[in-house]
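According to the UniProt record's numbering, the sequence shown holds residues 1 to 342 in order.
Glycine residues also receive a C-beta, built at the ideal position from the N, C-alpha and C atoms.
A short worksheet on the structure shown next.
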Amino acid sequence: MEIDIEHKDLPEDDSWRQKLPTGNPFGVPAGYFNDLSERIISGVHLEEIKQADVFSGFTLPENYFTELSSNIQSRLTIEEAAASETEGFTVPTNYFEELSGNIQSRIALEEALGNTNESFTTPQGYFEELTGNIQSRIALEDALGQDTQSFTVPKGYFEELSSNIQSRINLEEALSGETESFTVPQGYFEELVGNIQSQVAIENAIAAESNAFAVPEGYFNQLQESIVSKTTVQEEAKVVQMPSRQGVIRKLVSTAAFKYASAACFALVIGVAVYIKEASAPVSHNSAYLHKELSEIPSDDIRAYLETQTDATETERKVIADGTRFDDNTLRDALRDYVETQ
């Protein structure tokens, strides 16, 4: 800077020099550079606010009210830690052991809070309940900070946990189902009485002491004598008049069809008995031993029975010549006649 001063304006003595400040005229105040960065940042922020919208300075940060409770609690914790007599920052007991679970719980809580409402509105009655919630949170933190374990589980809790969870799931599914899960079949109550009576009858039959397939007392002791008496000399066969195809009634002394049917039946029974006896060991039966008793009949008795029931002079040709019909009805009638004669 160039200063044009005429010496004629200055007094001749040096009194004017005494009025000037002494020292370095280009010095700075004490602590000027220490606060310089903060003043510069404040000035920059002030300029940005002046250039920005008038109402932009009154907006809330994102998730302000959502994090307000935790921020207040954190601030209270910091103030209590700062005012305490202990030095430094200490962590609660088992802090690092429970840190992973607490972080996971906090993440789940944040996600749940973020899904319910994404706007910057507070829940109904939030500020009215804020003081109570903060006090509850402080009491909870104090309880967690105690040495003794305050939260204990009931006896057998973990043993019954799986079944309780499954029961709860089933209950939720039943409550959320659209249709009634417990339905009865159609006509259930109409048939209920009959079904109960049938079940009772079955239970009584199963629990009965007597065997349903029992034989009379002394049956096997008298079986051989009964068979022998029936296979001996028979009475003369009853005369049966059977119509022929031409409608001619003929009197037959004996029914040829019955004789052949009886011989075939006894031959079949004897063959089956011999096959069972020779092919395999005797099978234990709880109901009857008829096949075993038949296998013990003497051959002479069987031969005598066949001789009395059949005639050596009768042949198949004679039977056909007489017009005897061999069908199911004829055989059935012949067997019925034999039973009636006995």
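Closest by C-alpha distance to residue i, when choosing among the options
| i | options | result |
| --- | --- | --- |
| R336 | S262, R168, V274 and I196 | S262 |
| E110 | G132, T77, S70 and G145 | S70 |
| D300 | T59, V228 and R75 | V228 |
| E98 | F33, L144 and P216 | L144 |
| T231 | K277, V200, A304 and V153 | A304 |
| T66 | E172, R106, G194 and S15 | R106 |
Residue i to residue j span [Cα, whole Å]
| i | j | result |
| --- | --- | --- |
| L175 | S167 | 12 Å |
| T122 | A30 | 49 Å |
| Q135 | D142 | 11 Å |
| Q224 | E190 | 53 Å |
| L113 | F127 | 17 Å |
| E203 | N221 | 34 Å |
| N329 | P185 | 47 Å |
| C265 | G271 | 10 Å |
| T93 | I78 | 17 Å |
| L60 | A139 | 29 Å |
| G132 | G125 | 12 Å |
| I165 | F158 | 11 Å |
| I49 | G101 | 43 Å |
| A83 | V153 | 36 Å |
| H45 | F33 | 19 Å |
| A205 | E172 | 44 Å |
Neighbour-count burial assignment, residue i, 16 or more Cβ in a 10 Å radius
| i | result |
| --- | --- |
| F258 | buried |
| I297 | buried |
| A334 | buried |
| Y275 | exposed |
| Y188 | exposed |
| Y95 | exposed |
| residue 355 | A question about residue 355 goes unanswered here, because the residues of the chain that appear run from 1 up to 342. |
| Y260 | buried |
Chain-order list of residues whose beta-carbon lies under 8 Å from that of residue i (same chain, five-residue window excluded)
| i | result |
| --- | --- |
| N170 | none |
| R137 | S69 and Q73 |
Own chain partners of residue i with C-beta closer than 7 Å, once the 5 adjacent residues on each side are dropped
| i | result |
| --- | --- |
| V91 | none |
Any C-beta of chain D under 7 Å from that of residue i
| i | result |
| --- | --- |
| S69 | The structure shown contains no chain D; it holds only a single protein chain. |
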